[in-house]
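Each residue of the sequence shown is one higher than the one before, counting from 9 in our numbering.
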Amino acid sequence: MDLFDGSTSEEDDGDTVGEVVAELARLVPPVGAVKPVIVVAPDVDGAYEDRARGAGFDVASPGAACDALVVHALGDAVAAVARGGAVAVVGPAAAAARSAGPALVERWRGGAAVVFGKRLCTADEVGCAPRPPASEAEHERAHGLAVAARRAAGPLPAAAFAARAARTLRSHGLVILPGLLDPAVADGLAADALADFEACRAALVEHRGVDLMDPGAPHVETYRELAMREDLRCDLRGTPRLKGEEGAERRHALRNNGALREICRLASEAPRTAARRGNFGLWNFDLGGPDAPKRALDAGPVGAVVSVPGAAEQALHADAPHLFDDRVLPPHYLNVFLYGGAAAADPAAGQTAFVPGSHDLATCARLTDEAEPRDVLLRRVQDALVRPRLAAGDALIFDARVLHFGLPNRSRRAVRAVPYANFTEFWFRDPKNWDDNESVWTGTKACDVAVSGIQKLQQTGSCAGSSRA
């Protein structure tokens, strides 16, 4: 994000008010017909209110929810501004004002004022060899990938939000959607996954003598309901709580979220040209013909990726190949991660790292060129990497072709569960089909062991039988 020169001051150009309001308007511009809301503290020059109205702000009374705030001292003012908002400190205190942490970053400074912008998303502060803690540049990359559905004063126009999020997804290969779902829904889905994981683990120990918490022991890697990704990391799908009646409403909130479905539909649509009239096959399969809107992607069942304390960093990978080697088509396979549960609040539990832009063939080739020295490739990935730190209710959509990897779980107790749903074109079939594999519960009923799963996790704070820190 470009910064203003910062050399202006009340003394040298006489228009600090105008400069401050212009910067606030740049940070929180109107979206559609919705104006940003600004609050000017009672002890601040009233000229700020007049200029703000002229710049397209709605001026609200002190204490109201706002997108921008003008104050004489930073203090607790930041808490009054929603994610993605802005705070201006004016007057004598401006020179000493400093942001407190990566969520608040200085965007402009003049002789008598300083403007801070709140980041929609920050990066993971927990480093792991060979990757150091997040730099300022990585925090900024995370912020640039986030698109908010609402501001402090209310929701933004749904069409404008979906279009902007889809553009970000197409351009970077991922988009972050802060606060998309109710945190209680996200926490509930994560709890469902954790209970199912414990139930699967217990069933395998009891009926097969297999302990998933013992990486050195031989065992089947993939079952109908569970697939091991690496040691201490697995993928769940079709497990009792993730397909049962009790959690149906939570799963519906993810799979059938209108904003998610529209973002995925827009991102997967090819640019419309006159040549589309020649795609006569669009009259088949209930597609409506060449003039019909793009069909929504199919939503797969809700699953979850689970990692326990001791899980290592994954290898850099993509989940799906390009359809052709000579061109980059719109995405046909999109993954949606939903963050929730206690592990979402524990930085040591790790989340997922991405390399924005690597869904592009040429970009990915440059990042993975084996003819280059390993340290050169490592630096290229490091310079592009983003490890977004997401909270309960935040969602992330990513193109299955983008490079990414799971971060290590270095928590002492937190088992991390990330619920997900896949959105794919109607003609796509995932070759990783587990349905023909043996069930975890062969010889026993799933419901007999699923119910007690979450209670065990709550009692132990980790997986029963795990001795890894």
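Glycine residues also receive a C-beta, built at the ideal position from the N, C-alpha and C atoms.
- Between Gly-348 and Leu-197, the C-beta gap is smaller than 8 Å, which places the two residues in contact.
- Annotation: the region 372-450 contains the following complete segments of the beta strand (DSSP E) (minimum length 3 residues), in chain order: 403-407, 412-414, 424-432.
- The C-beta of Thr-450 has fewer than 16 other C-beta atoms within 10 Å across all chains shown, which makes the residue exposed.
- With fewer than 16 neighbouring CB atoms inside 10 Å of its own CB, Asn-264 falls in the exposed class.
- Where Gly-26 is concerned, the enclosing alpha helix (DSSP H) starts and stops at 24-35.
- Ser-179 has its alpha-carbon roughly 27 Å from the corresponding atom of Ala-379.
- CA-CA distance, Gly-365 to Gly-181, rounds to 6 Å.
- Three or more Cβ pairs drawn from the region 85-104 and the region 116-124 lie within less than 8 Å of each other, which places the two stretches in contact.
- In this structure, the beta-carbon distance from Gly-358 to Asn-445 does not fall below 8 Å.
- Here Tyr-428 has Val-310, Gly-311, Ala-312, Val-313, Asn-343, Val-344, Phe-345, Leu-346 as same chain residues with Cβ atoms under 8 Å from its own Cβ, once five neighbours each way along the sequence are excluded.
- Burial is judged here by how many other beta carbons sit within 10 angstroms of a residue's own beta carbon; Phe-205 has at least 16 and is buried.
- If the five residues before and after Arg-158 are omitted, its C-beta is found closer than 7 Å to the C-beta atoms of Leu-164, all from its own chain and listed in chain order.
- With distances taken between CA atoms, Asp-407 lies nearest to His-340 out of Ala-351, Pro-439, His-340.
- The three-state reading of DSSP puts Glu-229 in coil, since its state is none of H, G, I, E or B.
- In this structure Pro-110 does not touch Ala-400 by the C-beta definition: roughly 19 Å separates them, more than the 8 Å allowed.
- Taking C-alpha positions only, Leu-386 is separated from His-325 by approximately 14 Å.
- Going by beta carbons, Gly-64 and Pro-38 fall inside the 8 Å limit.
- If you ignore the 5 residues before and after Gly-125, its C-beta comes within less than 7 Å of the C-beta of Leu-35, Ala-94, Val-113, Arg-115, all in its own chain and listed in chain order.
- Asp-75 is a Cβ neighbour of Val-89, given a cutoff of 8 Å.
- Taking C-beta atoms under 8 Å as the contact rule, Val-448 and Leu-234 qualify, at a distance of about 6 Å.
- Taking C-beta atoms under 8 Å as the contact rule, Leu-331 and Val-363 fail to qualify, at a distance of about 20 Å.
- Looking at the DSSP output, Pro-163 sits in a beta bridge with Arg-158.
- Straight across, the Cα-Cα distance linking Asp-383 with Pro-140 is about 15 Å.
- The region 239-302 is shown to contain whole beta strand (DSSP E) runs of 3 or more residues at 241-245, in chain order.
- In the structure shown, the three-state DSSP call for Asp-327 is coil.
- The criterion of a C-beta distance shorter than 8 Å is not satisfied by Arg-424 and Ala-307.
- Annotated three-state conformation of Arg-91 is strand, per DSSP.
- Between the region 170-178 and the region 272-282, the count of C-beta pairs closer than 8 Å reaches three or more; the two stretches touch.
- Collapsing the DSSP output to three states places Glu-114 in a strand.
- Per DSSP, Gly-71 lies in no alpha helix (DSSP H) and is assigned neither H nor E.
- Cβ neighbours of Pro-298 within its own chain (closer than 6 Å, five residues either side excluded): Arg-284, Arg-285, Asn-287, Leu-290.
- Judged by DSSP in its simplified three-state form, Val-86 adopts helix.
- Closest by C-alpha distance to Val-336, out of Ala-356, Ala-199, Pro-301, Cys-372, is Cys-372.
- Per the C-alpha coordinates, the member of Asp-354, Ala-370, Asp-327, Gly-318 positioned closest to Asp-334 is Ala-370.
- Judged by beta-carbon spacing, Leu-185 lies beyond the 8 Å limit of Val-218, meaning their Cβ atoms are not closer than that value.
- Going by DSSP, Val-39 is part of no alpha helix (DSSP H) at all; its letter is neither H nor E.
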